[in-house]
Amino acid sequence: MKELGVYIHLPFCNSKCAYCDFASGVYSEEIKERYLLRLKEDIANFDFCGRTAVSVYFGGGTPSSLRNGYIADILGSLSAVLPFSNDVEITAECNPETFTASKAAEYSQAGINRLSFGLQTDNDVLLARIGRRHTASDFFDALSAARVYFTNINADIMLGLPDQTLADVEHTLNTLIKEDIPHISAYALKVEENTRLFKEKYRPDDDLCADMYDLAYDALSSHGLSRYEVSNFARRGMECRHNLLYWKRREYVGFGAAAHSFFDNTRTENPRSLKVYLSSDFKPISRYISPSGAEAAEETLMLALRTSDGLDIAEYNKTFGGDFVRDNTSILTPLTENGFLTLTEEKLRLTDKGFYVMNEIIVRLLGG
Amino acid sequence: MNDRRKKIRNFCIIAHIDHGKSTLADRLIEKTQTVPSREMEDQLLDSMDLERERGITIKLTPVRMFYTKDGIEYEFNLIDTPGHVDFTYEVSRSLRACDGAILVVDAAQGVEAQTLANVYLALDNDLEILPVINKIDLPSARPEEVRREIEDVIGIDASEAPLVSAKEGINIESILDMIVDKVPAPKGDENAPLKCLIFDSYYDNYKGAVCLVRVIDGCVSAGKRIKMMASGRVYDCVEVGVFNPKPQPVKALRAGDVGYIAASIKAIAETAPGDTVTDADNPASEPCDGYKEVRPVVYSGVFPVDGSRYNDLKEALERLKLSDAALHYEPEVSAALGFGFRCGFLGLLHMEIIQERLEREYNLDLITTAPGVTYKVHKTNGTVDIVTNPCSLPPITEINYIEEPIANVEIYTPPEYIGSIMELCQDKRGVFVDMQYLDSKRVRMKYRIPLSEIVFDFFDGLKSRSRGYASMDYEVGDYAKSDMVKLDVMLNGEVCDALSLIIHRDKAQARGRVLAEKLKQVIPRQLFEIPIQAAIGGKIIARETVKAMRKDVLAKCYGGDVTRKKKLLEKQKEGKKRMRQFGSVEIPSEAFTSILKLDGD
Numbered sequence: 002m003k004e005l006g007v008y009i010h011l012p013f014c015n016s017k018c019a020y021c022d023f024a025s026g027v028y029s030e031e032i033k034e035r036y037l038l039r040l041k042e043d044i045a046n047f048d049f050c051g052r053t054a055v056s057v058y059f060g061g062g063t064p065s066s067l068r069n070g071y072i073a074d075i076l077g078s079l080s081a082v083l084p085f086s087n088d089v090e091i092t093a094e095c096n097p098e099t100f101t102a103s104k105a106a107e108y109s110q111a112g113i114n115r116l117s118f119g120l121q122t123d124n125d126v127l128l129a130r131i132g133r134r135h136t137a138s139d140f141f142d143a144l145s146a147a148r149v150y151f152t153n154i155n156a157d158i159m160l161g162l163p164d165q166t167l168a169d170v171e172h173t174l175n176t177l178i179k180e181d182i183p184h185i186s187a188y189a190l191k192v193e194e195n196t197r198l199f200k201e202k203y204r205p206d207d208d209l210c211a212d213m214y215d216l217a218y219d220a221l222s223s224h225g226l227s228r229y230e231v232s233n234f235a236r237r238g239m240e241c242r243h244n245l246l247y248w249k250r251r252e253y254v255g256f257g258a259a260a261h262s263f264f265d266n267t268r269t270e271n272p273r274s275l276k277v278y279l280s281s282d283f284k285p286i287s288r289y290i291s292p293s294g295a296e297a298a299e300e301t302l303m304l305a306l307r308t309s310d311g312l313d314i315a316e317y318n319k320t321f322g323g324d325f326v327r328d329n330t331s332i333l334t335p336l337t338e339n340g341f342l343t344l345t346e347e348k349l350r351l352t353d354k355g356f357y358v359m360n361e362i363i364v365r366l367l368g369g
Numbered sequence: 245m246n247d248r249r250k251k252i253r254n255f256c257i258i259a260h261i262d263h264g265k266s267t268l269a270d271r272l273i274e275k276t277q278t279v280p281s282r283e284m285e286d287q288l289l290d291s292m293d294l295e296r297e298r299g300i301t302i303k304l305t306p307v308r309m310f311y312t313k314d315g316i317e318y319e320f321n322l323i324d325t326p327g328h329v330d331f332t333y334e335v336s337r338s339l340r341a342c343d344g345a346i347l348v349v350d351a352a353q354g355v356e357a358q359t360l361a362n363v364y365l366a367l368d369n370d371l372e373i374l375p376v377i378n379k380i381d382l383p384s385a386r387p388e389e390v391r392r393e394i395e396d397v398i399g400i401d402a403s404e405a406p407l408v409s410a411k412e413g414i415n416i417e418s419i420l421d422m423i424v425d426k427v428p429a430p431k432g433d434e435n436a437p438l439k440c441l442i443f444d445s446y447y448d449n450y451k452g453a454v455c456l457v458r459v460i461d462g463c464v465s466a467g468k469r470i471k472m473m474a475s476g477r478v479y480d481c482v483e484v485g486v487f488n489p490k491p492q493p494v495k496a497l498r499a500g501d502v503g504y505i506a507a508s509i510k511a512i513a514e515t516a517p518g519d520t521v522t523d524a525d526n527p528a529s530e531p532c533d534g535y536k537e538v539r540p541v542v543y544s545g546v547f548p549v550d551g552s553r554y555n556d557l558k559e560a561l562e563r564l565k566l567s568d569a570a571l572h573y574e575p576e577v578s579a580a581l582g583f584g585f586r587c588g589f590l591g592l593l594h595m596e597i598i599q600e601r602l603e604r605e606y607n608l609d610l611i612t613t614a615p616g617v618t619y620k621v622h623k624t625n626g627t628v629d630i631v632t633n634p635c636s637l638p639p640i641t642e643i644n645y646i647e648e649p650i651a652n653v654e655i656y657t658p659p660e661y662i663g664s665i666m667e668l669c670q671d672k673r674g675v676f677v678d679m680q681y682l683d684s685k686r687v688r689m690k691y692r693i694p695l696s697e698i699v700f701d702f703f704d705g706l707k708s709r710s711r712g713y714a715s716m717d718y719e720v721g722d723y724a725k726s727d728m729v730k731l732d733v734m735l736n737g738e739v740c741d742a743l744s745l746i747i748h749r750d751k752a753q754a755r756g757r758v759l760a761e762k763l764k765q766v767i768p769r770q771l772f773e774i775p776i777q778a779a780i781g782g783k784i785i786a787r788e789t790v791k792a793m794r795k796d797v798l799a800k801c802y803g804g805d806v807t808r809k810k811k812l813l814e815k816q817k818e819g820k821k822r823m824r825q826f827g828s829v830e831i832p833s834e835a836f837t838s839i840l841k842l843d844g845d
C-alpha cells in the first residue's frame, strides 16, 4: 500500500486577520459553490495511481465557516476515487466562533475525526488586536461542542503577538493544559509583507519570542505533551499524521487555490488567486525533483531536522550516496560542540537550543 | 605681435562652488553659437554624469569659440577649472594656460572661501582678473554691496564688473566684449623652439593619452618628434587639434593656441600635467615653470564585496588610472576582506568620486576602509618607514617616534560662529595661527590641524557648527611629531585588520568606545556570542557584546508549501554571501563602511 495525504484548501473566511498573508478572503456564497464544483471536478479527474489516503486535511481559510454539507460533499467525491486506510486521519481547521454543536455533529457524521482550532490566545484584548472574531468564551463553547464527538483536538497558539506578555502566554498554556487538549501547535508570529501588522510596522522581539518558546516547552512537556516538531506538541500517539507526511517528505496531493502537492517526485503549486483558479485557465507550476539529487537531499535535511526524530543518517546516505557525517564534519563539529545538534550513529537531531535557531543551522548545513 | 595672436583670448572662469560658473560657460558657448542649440545640454563642460549631479567640475575641458566685435572675429579659448580644494593643483596648472580669468561672484552670497583661494591662485599666475556679478535675478541679490565686497576683500577694481544672470541670459554680451577688451592677447614667439604646457590630459580609446596644451612658443604639427621635458620621453606627434567643443584636427598649433596633441601615448601617467612638450630635435632651453608631481594625501583600502570580483576591480582601477593620473593604487591583502587595493587620493572628494565611479561605471560593490594619511615612522634602528596602512605600522618596540602630516587650514566664516569653530578646531587638535576680520561680516581663521583629523569628518563638523556658512580650504604642509597609536578592533578575540586605525593617543579611548558600540549595532546576532573589543597595543579600552541569536525559526508550514521555506532559506543563504567570514564571525560588508562616520564623536 502506497500512502498518500490529501490537502483541501478552502480559502474562505468571515474576515481577514491582521497577520494573515495566506490565500484566503471573504467571498460570496455563489463563489463558494463554484469553488466546490471545481474542487470536485479536480478530484474526479486526478489519477491517484493506486495510492491509499492515510490523511485528509481541510485547511484554510476557515473550513468551519462553510455551509452544512460542503465538507461532506468533498469527502464523498474523494472517497469515490481514492481508498482511505482504516485508520485514516481526517482533520478540519475550525475557528471557535463558527464551530457549533450542529457543526460538530455534521463533521462527525461526514467522517472527520480530528479538529484543529485556531485559538491563538485566550486573551480577548489580544484577539481583538489581531483581528480575530472570537473570544476565549467562544473557544470554550466550541470545545464543549466538539468534545461530544471528538477526542483528537488541536489548538493553535501564537507567540510574539503585539502587546503579548509572558504572563499572557502562560495563561493561555494553563488554560489548554487544564482543558487537557492533547495537541498544541505553538507558532511564533512572523510578520509577512502585505499584512496589516506589517503596515503597522510591528516586529516581534526575538528574545521575548524565545522566552515564550521556553515557557511553552517547559509547561507542555511537564504535562506530558512532548515536542515532536519544532512548533508542535502532543501526547504520545496524538501527533498529527498529516503534518508528519510533509516533514518525512512523503506524498501528498493538494486541491484548491494555492494548494501544493508533492506527488511522483514532482512539486506542484496551484495559483493563489481564486479568480485564476476558477477560470480553469492556468497551468499549475510543476517541478520535478530527482529523487536522489541534491535538491531532494536538501529538502530531506531541512524537513527532517524540524522533527524531534531528526534525520536518519543511514537512510540519507543510502538515498543520496556519500557519507553525511564525514562530508560535513567541519560544519557539524562546532554545532555539536556548542550544543546545537546531537549526533548519534543513527540520527542527527537538533537540541532544544538548536530548534530555536533552526534556519541558521540548516543554512549552514546547506553550505551557506 | 602678429595679427593672428591679437585675435586670440585664452581665459578661464573661476568661482566659489555653486556661484554659477558652469551655467555661465554654457551661456558663452550658446551666445557664440559654438554648439547648435539642439545639442546644448545644461552644463556642457561637465562631461561626467557625476559632475553634473554634484554640480562640480572634475575634469577640464577647453572649448574654442568665435566672437565678432567691431567687425573683427576673435578666437576665445575657455579653459574650465575644477572648483574644489582637492584639485587645487589642477586649477593652478589650468590657470597657467590662460591670460585672463573671469571671476564669478554670486550677487547674493558675495565673496566666499574658494573665491578668494582661486583669485590668489590666478594672481599668482599673473592673470588679468575680470570680476562679474552673477545671479542678479535673485530676490536676495545685493549687487552693489557685493561690488564693494570684491574691492574690499579681494582688493581688485570691480567698478566695471558687469551685472549678469547666467541663468536668465541677462547681459552676457557685456562679458564677451569685456573678454575682447580686457583679456590680454597671448604673448610668445612662433619662431622660437616649441614649448607647450600640458594642463590636462584625457584618455581616448583610439588615440591613447591625449595632452591638452597651451602653446607658449613655437609651432607643433603632425609628424613632428616631440619630447616631454620632465620625463624625457620622446613621441611622434600623430595629430594636433582644437576643441569645437568636440576635438577637431587642425594642421598646426602655434604660439598662443590652446588645443590637443595626440602622439600614441600609452598611458595618461606619461602625460604629467604641468610638464612641458617641446621639439625633440630642437628643444626649448627651459621648461615651463611650476611643474610638480601630484602625490596622494588620503589613503583607503578598497575591496570588492564579492571577493570573486577582485579582477574586475583591478581592471576598473587600471582603466580609471588611464584617465586619472592622480589615482594611486597597489594590491592589498586583508585577513578580513581578502584581496583588494590600497588606494591613494588627492583628498576626500577625490576619494568619493573614485569610489562612486567604480560603483557606477564599473558596476562594482565595494567595501572601503577608513581613510588614513601618510605617517613617517622613525624607528629605533634609525630608519624611517612611510606608513599609509595601519596594518603596516611596525611593533611599538621598534618605533622611536611618529610624525604626522599637518594641514594649513583657512576657514572663512561669519563672526557669530567663531566660538564654535574654534571649539571644533581645538577638538581636532588644531593649533591656532591667526584670525583676521576681512570685513564686518567675514572672518578668516588660520589653523594648523593634523590632516588625519580633517580626513575624519571635519567638513561635516564645520558645516554643522556654522549652519553651512563657513567654508574652508587647506593644503598639506609639513610633518610634526605626534603621539600616535594603533587602535585595533578584536572580534571574538582576533584583531580584524580592516578595522584598525592610527589615531592620536588622546582620542583613542573615545573612538574605541564609539567604534565598539557602532559595530555592535551593525553586526547581526549569530549562533555564538561575539565579544567586540577595542584595544591599544593589546590593552582593552572598550568592550561590547553581540548576544547570541536566540530565535531563527520559520513559521507554520502552510498547506505543505515547502517551496516557500526553500525560498526563504535560499534568501538567507544569499544574504550570507554579502557577509565577510572572519574566523567564526560573519561581518556584513556595511560594517566596514558604517564605521567611517561615527556619530557623537
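Those protein sequences? They're chains A and B, same order as listed.
Just so you know, we're using this note's numbering here: the first sequence kicks off at 2 and counts up by one.
Just so you know, we're using this note's numbering here: the second sequence kicks off at 245 and counts up by one.
Where a beta carbon is used, it is the ideal one built from N, C-alpha and C, also for glycine.
Start and end residues, beta strand (DSSP E) containing Arg239/A: First, the amino acid is wrong: residue 239/A is Met here, not Arg. Note, Met239/A: premise wrong, no beta strand (DSSP E); not H, not E.
Tell me whether the beta-carbon of Ile650/B lies closer than 9 Å to the beta-carbon of Met689/B. no
Short of 8 Å in beta carbon distance, which residues of its chain neighbour Ala760/B, apart from the five on each side in sequence? Order them along the chain. Val733, Ile776, Gln777, Ala778, Ala786, Arg787, Glu788
According to the Cβ coordinates, are Gly264/B and Asp350/B closer than 9 Å? yes
Nonlocal neighbours in the same chain, by C-beta distance under 6 Å from Ile286/A, ignoring five residues either side: Glu270
Just list the residues that DSSP pairs Phe321/B with in beta bridges. Checking the sequence, you will find Asn at residue 321/B rather than Phe. BP columns for Asn321/B point to Asn254/B, Arg308/B.
What are the boundary residues of the beta strand (DSSP E) that Cys1/A is part of? Because chain A here runs from 2 to 369, residue 1/A falls outside it and cannot be looked at.
Note down the Cα distance separating Arg248/B from Lys431/B, rounded to an integer number of angstroms. 11 Å
Determine, using beta carbons only, whether Glu395/A and Asp164/A come nearer to each other than 9 Å. With chain A covering only 2 through 369, there is no way to say anything about residue 395/A.
Which class does Gln287/B belong to by DSSP, given the choice of helix, strand or coil? Annotation note: pLDDT 43 at Gln287/B (below 50); position unreliable, coordinate value reported separately. It is coil, neither helix nor strand.
Taking Leu590/B and Ala560/B to be in contact with their CB atoms under 8 Å, please state how far apart those CB atoms are, rounded to whole angstroms. Not quite, the Cβ-Cβ distance comes to about 19 Å (not below 8 Å), so this is no contact.
Contact with chain B by Ala189/A, beta-carbon distance below 9 Å: yes
Less than 6 Å between C-beta atoms, sequence neighbours within five positions excluded: which residues of the same chain meet that for Ser578/B? Asp741, Ala742
Are the beta-carbon atoms of Ala466/B and Cys481/B separated by less than 9 Å? yes
Compare the C-beta of Val806/B against all C-beta atoms of chain A and say whether one is closer than 9 Å. yes
Does Cys95/A have its Cβ less than 9 Å from a Cβ in chain B? no
Mind checking whether Asp501/B and Ile316/B have CB atoms under 9 Å apart? no
With 9 Å set as the bound, which would you pick, yes or no: does the beta-carbon of Asp796/B sit closer than that to a beta-carbon of chain A? yes
What's the call for Ala220/A, buried or exposed, on a 16-neighbour Cβ count within 10 Å? buried
When Cβ atoms are compared, which residues of the segment 783-794 of chain B fall closer than 9 Å to chain A? Lys791, Ala792, Met793, Arg794
Whole-angstrom distance between Leu5/A and Leu144/A, CA atom to CA atom: 29 Å
Would you kindly report the start and end of the unbroken beta strand (DSSP E) that includes Ala778/B? 774-780
Endpoints, beta strand (DSSP E) assigned at Val546/B: 542-548
Report the partner residues of His261/A according to the DSSP bridge assignment. Glu270/A
Under 8 Å, with one C-beta from each stretch per pair, do the segment 60-69 of chain A and the segment 6-17 of chain A reach the 3-pair mark? yes
DSSP state of Met595/B mapped onto helix, strand, coil: helix
Where Asp313/A and Thr320/A are concerned, what is the direct C-alpha to C-alpha distance, given to the nearest angstrom? 11 Å
Is Arg673/B near His748/B, with beta carbons less than 9 Å apart? yes
How would you label Tyr681/B, buried or exposed, when you count the other beta carbons within 10 angstroms and need 16 or more for buried? exposed
Taking the C-alpha atoms as reference points, what is the distance between Val358/A and Glu180/A? 31 Å
For Thr267/A, which of Lys41/A, Leu83/A, Leu349/A, Gly294/A has the nearest alpha-carbon? Gly294/A
Kindly provide the ranges of any beta strand (DSSP E) runs that are 3 or more residues long and lie completely inside the segment 661-687 of chain B, ordered along the chain. 675-683
Determine the direct distance from the alpha carbon of Lys809/B to that of Val797/B, and round the result to whole angstroms. 10 Å
Contacting positions in the segment 337-353 of chain A - beta carbon closer than 7 Å to chain B: Asn339, Phe341
Given this structure, state the Cα-to-Cα distance separating Pro84/A from Met239/A, to the nearest angstrom. 23 Å
Under 8 Å Cβ-Cβ, which residues of chain B neighbour Ala211/A? Arg794, Lys795
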